[in-house]
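Chemist:
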Amino acid sequence: MSHFSIQCRHCGKHLENGFCAFCEHCKDALLVTDYRDSHFVESSAEGVWRFNWLPVHEPKIKQPGPLIYHSKGLAAEVGLDDLFIAFNGYWPEKGALLETCTFKEFEAATVLQNAKENGIEGLIVASAGNTARAFAHLSAITGFPVVIVVPRMCLMEMWYLEPQFTVPTLAVHDGDYADSIDVAKKIALTTGFPFEGGVKNVAKRDGLGIVMLEAVAKMGKLPDHYVQAVGSGTGAIGGWEMAERFVRDGRFGSHLPVMHLGQNLPFAPMLHAWDRGSRALFPGDLNPELIPRITTRVLSTRYPAYSVKGGVYDALTSTRGAMYGIENDAVYAAMDMFLKTEGIDIVPAAGVAVATLGQAIKTGSIRKNDTVLLNITGGGETRLRKDRRTYSVVPTFISKKITGKEIEDLLCHDLKKNS
Ligand SMILES: [Zn+2]
């Protein structure tokens with residue numbers, strides 16, 4: 055018997071086998087993984103696979119986890135006594151070994167393993183940048199076929215650990231991240247490989263929740279506050295769901311960490327909806343013309359998991375959390391401050407998180423003695439380039455209006471040959 059089943063957030067129905075599916079009764083509710091063991095257990099397995107709350111059975115690859123450590127430099131700078139940093143990236147001197155330099159590596163590792171165990175033979179992945187790199191890397195080392203779709207506007211900031219030809223990558227020249235998701239779904243229909251499912255995929259959220267698993271394993275308790283930058287919100291929801299499991303376990307605290315989530319202004323649809331007390335997003339806040347004006351393109355989805363039952367709105371409500379808006383200047387200043395105080399470079403999205411922490415302290419939502427977990431979702435890219443070569447991404451350009459026939463001509467021959 056499997057150590058988990060999948061349950062609907064809304065009606066409570068259990069599904070024994072539900073890859074990326076919505077509940078058959080409830081169209082707008084997320085499914086969550088229900089682990090039979092309500093006690094958190096760490097086995098003797100290596101890396102992240104030692105945790106019992108992951109929806110995989112027999113992972114073969116090595117997958118290091120995040121580095122969790124008690125901050126001195128940044129903590130002193132912002133005036134906190136008990137700040138823990140979850141560093142997701144490359145910083146070998148401290149034991150951080152993610153060469154993709156992003157926490158999306160946990161998502162990719164968990165999703166690919168879970169897909170394989172569900173009899174899936176390949177996946178179509180849409181990404182605004184860092185997810186593409188993580189899936190490309192895991193596809194290259196596991197041999198599991200993946201097709202990646204990205205918006206052209208994100209190519210400038212993209213890089214791969216492996217040369218391009220190992221993973222087919224398509225760039226949508228006339229659209230943004232949301233258009234790439236639409237194209238990915240079209241490609242899935244044509245190729246027969248499923249779309250990875252975005253926020254609906256429980257393995258994706260539980261994989262990102264590895265940050266919370268590693269943090270609580272290290273800290274011995276839940277933090278009072280959790281701070282992260284959000285684009286789709288999938289990582290934050292994953293962290294919240296793991297925190298709920300720890301509360302049910304009962305040995306790590308009885309309160310959910312307060313979620314403090316930051317977006318990069320002026321594209322901040324969840325911030326504006328939350329500030330107006332609305333579960334629905336406002337169309338004006340999703341205007342694609344706002345996207346080129348933010349520095350963190352990885353946070354640019356027009357399809358955030360905000361309104362859906364079990365999404366960001368519910369995570370903020372149940373933890374009495376808050377949303378924050380961060381200007382570009384503040385993102386750069388926060389990146390500089392982190393480098394100066396902690397000694398390692400971080401990506402712009404993590405700069406949004408650091409600035410969010412600053413705002414939450416300023417408004418009095420986070421106090422001096424509180425235990426805080428700051429999720430640095432990516433970093434160490436500059437450090438990595440001292441140790442190894444990375445590759446720019448040279449995609450095949452396509453239109454968001456691509457037809458099924460064109461997809462067939464472009465992809466199906468290669469995919470059949472490889473799989
Ligand atoms: Zn349901």
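If you want the working numbering, it's the position in the sequence shown, counting the first as 1, plus 54.
Think of the CB as a built atom: it goes at the ideal place given N, C-alpha and C, for glycine as much as any other residue.
Every value quoted in this text rests on a predicted model; they were computed, and no experiment measured them.
Let me check you understand the geometry: is the CB of His57 closer than 6 angstroms to at least one non-hydrogen atom of ligand 1?
Modeler: Residue 57 sits at position 3 when you count from the first residue of the sequence shown. The answer is no for His57.
Chemist: Leaving out five residues before and five after Ser473 in sequence, what residues of the same chain have Cβ atoms less than 8 angstroms from its Cβ?
Modeler: Against the sequence shown, residue 473 aligns to sequence position 419. Here the model assigns Ser473 a pLDDT of 48, short of 50, so the residue's position is not dependable and the matter cannot be decided.
Chemist: With distances taken from CA atoms, which of Ala150, Pro146, Leu137, Ala186 is nearest Glu161?
Modeler: Counting from 1 along the sequence shown, the entry for residue 161 is found at position 107. Selected option, being the one with the closest Cα: Ala186.
Chemist: In the DSSP assignment, find the alpha helix (DSSP H) that holds Gln413 and state where it starts and stops.
Modeler: As a working note, residue 413 is residue 359 in the sequence shown. From DSSP, the alpha helix (DSSP H) with Gln413 extends over 402-416.
Chemist: Straight-line CA distance for Lys471 to Gly246?
Modeler: The residue given as residue 471 occupies position 417 in the sequence shown. The residue given as residue 246 occupies position 192 in the sequence shown. Bear in mind that a pLDDT of 49 at Lys471, under 50, signals an unreliable position, so the model cannot answer this.
Chemist: When you compare only the Cα positions, how much space is there between Val237 and Phe306?
Modeler: Counted from its first residue, the sequence shown places residue 237 at position 183. Counted from its first residue, the sequence shown places residue 306 at position 252. Going by the C-alpha atoms only, they are around 43 angstroms apart.
Chemist: Helix, strand or coil: which one does DSSP assign to Met313?
Modeler: For the purposes of this step, residue 313 is identified with residue 259 of the sequence shown, where counting begins at 1. Correct three-state label for Met313: strand.
Chemist: What three-state label does DSSP hand Cys74 in the structure shown?
Modeler: Along the sequence shown, read from residue 1 onward, the residue named residue 74 stands at position 20. The answer is coil: DSSP assigns Cys74 none of H, G, I, E or B.
Chemist: Would you be able to state if there are at least three C-beta pairs under 8 angstroms between the stretch 194-208 and the stretch 317-325?
Modeler: no
Chemist: In the DSSP assignment, the alpha helix (DSSP H) including Gln167 goes from what residue to what residue?
Modeler: On the sequence shown, residue 167 is found 113 positions in, with the first residue counted as 1. Per DSSP, Gln167 belongs to the alpha helix (DSSP H) from 158-171.
Chemist: I need the DSSP call for Lys471, collapsed to helix, strand or coil.
Modeler: On the sequence shown, position 417 is the one that residue 471 refers to. The pLDDT assigned to Lys471 is 49, lower than 50, so where the model puts this residue is not dependable; a value taken from the coordinates is nonetheless given after this. It is helical.
Chemist: Helix, strand or coil for Leu108? Go by DSSP, reduced to three states.
Modeler: Taking the first residue of the sequence shown as 1, we reach residue 108 at position 54. Coil at Leu108, not helix or strand.
Chemist: Enumerate in chain order the residues of its own chain whose CB-to-CB distance from Lys158 is below 7 angstroms, with the five nearest sequence positions on each side excluded.
Modeler: Residue mapping note: residue 158 aligns to position 104 of the sequence shown, counting from 1. The residues are Asn184, Thr185, Ala188.
Chemist: Could you give the DSSP three-state label for Phe321: helix, strand or coil?
Modeler: To locate residue 321, count along the sequence shown from 1; it is residue 267. DSSP places Phe321 in coil when its eight states are reduced to three.
Chemist: Let me check understanding here. Comparing Cα to Cα, which of Glu96, His79, Cys74 lies closest to Thr87?
Modeler: If you number the sequence shown from 1, residue 87 lands on position 33. Of Glu96, His79, Cys74, the residue nearest in Cα terms is Cys74.
Chemist: Mind checking who Asp303 pairs with in its DSSP beta bridge?
Modeler: By 1-based counting over the sequence shown, the position of residue 303 is 249. Beta-bridge pairing links Asp303 to no other residue.
Chemist: Let me check one thing: in DSSP terms, what residues is His227 bridge-paired to?
Modeler: Numbered from 1 along the sequence shown, position 173 holds the residue referred to as residue 227. In the DSSP secondary-structure assignment, His227 is not bridged to any residue.
Chemist: Whole-angstrom Cβ separation of Ile452 and Val226, contact assumed at under 8 angstroms?
Modeler: Your numbering for residue 452 matches position 398 in the sequence shown. Your numbering for residue 226 matches position 172 in the sequence shown. The beta carbons of Ile452 and Val226 sit about 6 angstroms from each other, so the pair counts as a contact at 8 angstroms.
Chemist: Tell me whether Glu96 is buried or exposed, calling it buried when 16 or more other Cβ atoms sit within 10 Å of its Cβ.
Modeler: Along the sequence shown, one-based indexing puts residue 96 at 42. Glu96 is exposed by the Cβ-count criterion.
Chemist: Give every residue of the same chain whose Cβ lies closer than 7 angstroms to the Cβ of Ala290, excluding the five residues on either side of it in the sequence, and list them in chain order.
Modeler: As a position in the sequence shown, residue 290 is number 236, starting the count at 1. Contacts found: Gln282, Val284, Met313, Leu315, Val366, Ala369.
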